[in-house]
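K.L.:
If you read the sequence shown in our numbering, its first letter stands for residue 3, the second for the next number, and so on.
Beta carbons: idealized from backbone N, C-alpha and C, even for Gly.
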Amino acid sequence: MSDKAQRLKPRKKPVQARSAFTVNAIFEGCIQVLLAEGPERLTTTKVAERAGVSVGTLYQYFGDKQSLLAGVLEHHLIEIVEKVEQACAESQGQDLETVVRNLVTAFFDAKLGQPDVSRALYAVSAELEGNALVMRYSQRTQTSIVAVLQSIPNVGVTDLFTSSFLLTTMLIGPAQALLSVNAPEVFMEKVKEETVAMLVSYLRG
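#1: Using a Cβ-Cβ cutoff of less than 7 Å, which residues in the same chain neighbour L79 once the five nearest sequence positions on both sides are dropped?
#2: CB-CB under 6 Å to A108, same chain, minus the five flanking residues each way: which ones, in chain order?
#3: Rounded to whole angstroms, what's the CA-CA distance from I154 to L162? Just pull it up for me.
#4: Any C-beta of chain C sitting closer than 8 Å to the C-beta of Y139?
#5: With burial defined as no fewer than 16 other Cβ atoms inside 10 Å of the residue's Cβ, what is the status of R206: buried or exposed?
#6: Starting from L201, trace the alpha helix (DSSP H) in both directions and tell me its first and last residue.
#7: Report yes if the C-beta distance between V193 and L180 is below 8 Å; otherwise report no.
#8: Rounded C-beta distance between A112 and E81? I'm assuming under 8 Å.
#9: Measuring straight from C-alpha to C-alpha, what distance separates G175 and G158?
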């Protein structure tokens with residue numbers, strides 16, 4: 003782990019329900035300030051005020067602004083991964099098109115459900131070693147995809163690990179593009195349907 007990555011790690015993880023509630027309030031406060039004022043004007047003091055906690059409480063968990071933003075980004079990525087994992091678990095043994103539709107829907111809903119938040123976080127991710135975080139959680143996603151592909155009776159691909167990597171990138175690409183152009187919801191739905199069709203065709207071999 004690089005020195006920068008070490009500095010971006012939170013000082014401590016919440017272990018009790020009350021601590022988890024506090025950290026979630028800090029995350030929500032951070033997102034609100036980020037959306038309202040942008041990353042340049044975001045400060046730990048403003049976040050603490052918005053979250054309803056003292057600056058001292060915030061510093062118990064995060065050493066500085068960058069560490070806080072990294073924590074919020076990681077929390078965002080974890081939410082996406084968990085929704086994909088849930089979709090994969092619930093789709094075990096179902097037909098190919100149902101599995102793909104569930105997977106695409108879960109991913110797009112997680113990424114595009116709050117587009118302003120996603121855009122704001124990815125705008126600052128380069129400063130936070132965001133690529134390393136995305137890689138780590140993409141690998142977790144791929145593990146779930148491999149498991150669900152193994153349960154599909156009519157899947158036409160044989161190298162499931164390579165296929166899971168391709169599926170992940172084929173999901174990320176359109177979603178990122180939609181965020182970058184601030185696409186209307188009706189167009190997002192069209193892209194989602196085309197993504198389903200593309201992945202079904204690929205997985206049928």
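P.N.:
The relevant details are as follows:
#1: When the five nearest sequence neighbours on each side are left out, the beta carbons in the same chain lying within less than 7 Å of the beta carbon of L79 are those of L135, V136, Y139, in order along the chain.
#2: A distance below 6 Å between beta-carbons, with the five flanking residues on each side excluded, links A108 to the following residues of its chain, in chain order: K85, V86, A89.
#3: Roughly 11 Å separates the two Cα atoms.
#4: Note that chain C does not occur in the displayed structure, where there is just one protein chain.
#5: Classification for R206: exposed.
#6: Where L201 is concerned, the enclosing alpha helix (DSSP H) starts and stops at 187-205.
#7: Taking the C-beta atoms as reference points, L180 is found nearer than 8 Å to V193.
#8: Yes, they are in contact, since the Cβ atoms of A112 and E81 sit about 6 Å apart, within 8 Å.
#9: When the Cα atoms are used, G175 and G158 turn out to be separated by approximately 23 Å.
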